[in-house]
Every structure is written in C-alpha cells, then in structure tokens.
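*Asks:*
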Amino acid sequence: MAILPILSYPDPRLRTIAEPVQQVNDKIKTLISDMTETMYHAKGIGLAATQVNQHIQLIVMDLSENGDSRRVFINPKVTPLVEEKQPYEEGCLSVPTVYDSVERPTKVKIEALDEEGNAFEEIAEGLLAVCIQHEMDHLNGVLFVDYLSNLKQSRARDKVRKAVKQMEKAKA
Ligand code: K1U
Ligand code: ZN
Numbered sequence: 003m004a005i006l007p008i009l010s011y012p013d014p015r016l017r018t019i020a021e022p023v024q025q026v027n028d029k030i031k032t033l034i035s036d037m038t039e040t041m042y043h044a045k046g047i048g049l050a051a052t053q054v055n056q057h058i059q060l061i062v063m064d065l066s067e068n069g070d071s072r073r074v075f076i077n078p079k080v081t082p083l084v085e086e087k088q089p090y091e092e093g094c095l096s097v098p099t100v101y102d103s104v105e106r107p108t109k110v111k112i113e114a115l116d117e118e119g120n121a122f123e124e125i126a127e128g129l130l131a132v133c134i135q136h137e138m139d140h141l142n143g144v145l146f147v148d149y150l151s152n153l154k155q156s157r158a159r160d161k162v163r164k165a166v167k168q169m170e171k172a173k174a
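Numbering (the numbering used here), first residue to last: 3 to 174.
1) Just tell me which of Val100, Ile30, Glu117 and Leu49 has its CA closest to the CA of Leu150.
2) Using a Cβ-Cβ cut-off of 8 Å (strictly less than) and excluding sequence neighbours within five positions of Ala131, which residues of its own chain qualify?
3) What residues sit near the ligand ZN, counting only those whose C-beta is closer than 6 Å to one of its heavy atoms, in chain order?
4) Going by beta-carbon coordinates alone, are Ala20 and Leu141 separated by less than 8 Å?
5) Measuring only from the beta carbon, is Tyr149 closer than 7 Å to any heavy atom that is part of the ligand K1U?
6) Hey, Ile76 and Val26: beta-carbon distance below 8 Å or not?
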C-alpha cells in the first residue's frame, strides 16, 4: 500500500472529468488500497480518484467512528430523490483548512459497482448523501468552494496556499 499525494485547490487537474472504469482488475484494486490508506492517513471520510490525479470514476469512503467500514463506489450514478436541500458544513482534503456550508438534496439514489465489480443500488440520506454528492462532484471536476461567493473562493485560495506551504515546511 502507498500514501498518494493529494492535489490541492486551485490545481487545474482537479477540474478533469473522470472516465468510467472499464474493468475492475488488479491495477484498480491496488489503486483502491492506496486511496484507502491515503484517506485514513489524511483523516478524511472520503476520497475521489481525481484528488490523487487518477481520472477514473472511483470513490472510497468510510463514515464509521472507528475507521473499519471502508466502502468503494465504482462508476457511481447519483440521482436526487427529493427537492428538499439542507446545509452541511463541508471540508475537503484538496481544500485544507477551509470549511463552509453547502446545501445539497437530502435524499439520493446511488447506483454503482462495488470493489468486486458487482452492481448495487442504495438510497442515501444524512452524511452518506452529503459525502457521495461531494465525491461525485470531484469526479465531475467540481469543488465545494465553487458553491461559495467569489470573495470566499479568493480567501479559500489564499488560505490553502498558506496551509500547503506550512504542511510542506513541516514535512521537510
Ligand atoms: O473529498 C474529500 O476531500 C473528503 C472530505 C469528505 C467530506 C467531508 C465533509 C463533508 C463532505 C465531504 C473529507 O473527509 S474532509 C475532512 C473532514 O472535514 C472531515 C473528517 C471527518 C469527519 C468530518 C469531516
Ligand atoms: Zn473533497
């Protein structure tokens, strides 16, 4: 397993549209393992392949308290089931230190393949609904800060640049 570098906002590679996975082979399984280790190391609850510069439709997620319930979504399709939206204070491993409220539909249908390539369907509410929509946005080149005002986006860019510099200094 390996910890992969996570792209930071405003890196233009985060705007790439992900391609569908053609086959769940050993290469994809290795990437799933590496993304899982990267997500746990960064203390995230989700990670999209786009964030580690792999432009395929692959998401890992673990919403459990003790980090023992990793889930995989390959070629996911997410459909809102209600018009009602609720705000949630979101964060993003590609936008470190920035948190803000985003409104999203509260109930969605997820259709995807699991890590064995088996199709499944699930109705999601609560944090799963928030997180899968956030991760789907990554696969479509969208970041949660895109929903914020221009002023907040400009502040976020400055804050992330400073945070990344500090993280690099701490590593050296
Ligand atoms: O996509 C990512 O960068 C992962 C992101 C997922 C996410 C968190 C909160 C709302 C929507 C999507 C994170 O995990 S950021 C880390 C974080 O803020 C967090 C970590 C644990 C619990 C709650 C938030
Ligand atoms: Zn994110």
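Backbone N, C-alpha and C fix where the C-beta goes; we use that ideal spot for every residue, glycine too. Every value quoted in this text rests on a predicted model; they were computed, and no experiment measured them.
*Replies:* This is what the structure holds:
1) Looking at the Cα atoms, Val100 is the closest of the given residues.
2) Around Ala131, the same chain offers Arg106, Pro107, Thr108, Lys109 and Val110 as residues with beta carbons nearer than 8 Å, after the five sequence neighbours per side are excluded.
3) Environment of the ligand ZN, chain-ordered: Cys94, Leu95, Ser96, His136 and His140, taking every residue with Cβ within less than 6 Å of a heavy atom.
4) In contact: Ala20 and Leu141 (Cβ atoms closer than 8 Å).
5) Checking every heavy atom of the ligand K1U against the Cβ of Tyr149, none is found closer than 7 Å.
6) It is a contact, given that the beta carbons lie within the stated cut-off.
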